[in-house]
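The sequence shown begins at 19 in the working numbering and counts up one residue at a time. Even for Gly, the Cβ is constructed at its ideal location relative to N, Cα and C. Being a predicted model, the structure only gives us computed values, none of them experimental.
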Amino acid sequence: MISIITCTVREHLIGNIIENYTNQLFQDKELIIILNHEAIDINLVKSKFGSVKGVTIYQLPQDYTLGECLNYGIEKAKYDIIAKFDDDDYYGPEYLTEAMNTLNKTNANIVGKEEFYVFLKSMNALLLRGHGLSNKYVKHVSGATLVFEKSIINKIKFPNLTLGEDTEFQKKCIKYGYRIYSTSRYNFAAIRGKDVNEHTWKVSDKRLIEHGEIVAFTDDFKSRVSEQLDY
């Protein structure tokens with residue numbers, strides 16, 4: 019069973035959050051949303067979920083860092099496995115299934131993706147980062163793809179940061195002896211909008227391209243990244 023934690027300050031991304039959650043083939047799950055801004059109408063957000071089951075929504079002041087919001091959400095989680103979903107990325111239907119199967123078949127305490135796709139909206143380009151870093155133990159995975167044992171939080175919490183909180187968390191986990199495993203490149207894509215200021219990580223498309231490989235120009239990136247795997 020998995021508790022998904024999503025923190026957001028943008029109401030227009032609620033639809034993407036709902037789609038990523040409801041499309042998961044893995045059924046034993048809950049979604050915890052942390053609205054990290056007092057100006058967001060929590061009742062309006064709740065109304066958008068309609069009859070979607072397993073969803074709980076909390077609201078925290080905007081001066082709470084992302085790390086604090088994640089720790090708060092994890093404390094509210096019912097299940098023993100935590101998955102961090104970013105509000106603006108794409109999580110394919112088999113994403114949670116792959117993560118859980120990897121946790122079960124390895125000695126890892128944390129799984130995620132260090133080789134993964136990035137979709138650049140500005141040019142409809144699908145980019146691959148971290149080539150060759152799939153299906154192996156690593157020291158770091160993308161923060162948007164973290165799936166880990168909730169018990170880790172008893173010893174290591176996310177730091178009081180909004181940028182780099184996932185990196186510092188993983189560094190401490192490695193020092194403590196926890197193991198991190200990078201799954202396949204499939205079932206996920208980081209989505210980069212045309213405006214770099216839309217993102218917490220303010221890196222340009224040019225820099226992303228310099229540190230990756232364009233594999234396709236396409237309007238249908240989802241079919242490209244959601245390849246079925248033999249678990």
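Proximity to residue i [Cα-Cα], best of the options
i	options	result
residue 180	83, 138 and 31	83
residue 243	40, 198 and 113	113
residue 106	203, 236, 245 and 29	29
residue 207	124, 183, 142 and 199	142
residue 168	93, 123, 152 and 126	93
residue 46	115, 121, 204 and 173	115
Inter-residue Cα distance where the pair is residue i and residue j
i	j	result
residue 215	residue 194	Because the pLDDT at residue 215 is just 48, under 50, the model does not fix this residue reliably, and the value given afterwards should be weighed accordingly. Those two C-alpha atoms are separated by around 35 Å.
residue 67	residue 161	25 Å
residue 74	residue 50	5 Å
residue 191	residue 38	27 Å
residue 55	residue 62	14 Å
residue 131	residue 154	10 Å
residue 217	residue 34	Per-residue confidence for residue 217 stands at a pLDDT of 48, beneath the threshold of 50, marking its modelled position as unreliable; the derived number appears in the next sentence. So the two alpha carbons sit approximately 15 Å from each other.
residue 69	residue 170	32 Å
residue 119	residue 41	18 Å
C-beta atoms of residue i and residue j nearer than 8 Å
i	j	result
residue 201	residue 103	no
residue 166	residue 177	no
residue 101	residue 117	yes
residue 209	residue 164	no
residue 78	residue 52	yes
residue 109	residue 48	no
Neighbour flag for residue i against chain C, beta carbons, 8 Å
i	result
residue 163	Within the model displayed, chain C is absent; a lone protein chain is all it includes.
Practice prompt. Answer yes if the segment 146-154 comes into contact with the segment 230-237, meaning at least three C-beta pairs across the two stretches below 8 Å, and no otherwise.
Written response: Three or more beta-carbon pairs drawn from the segment 230-237 and the segment 146-154 are found closer than 8 Å, and the two stretches are therefore classed as touching.
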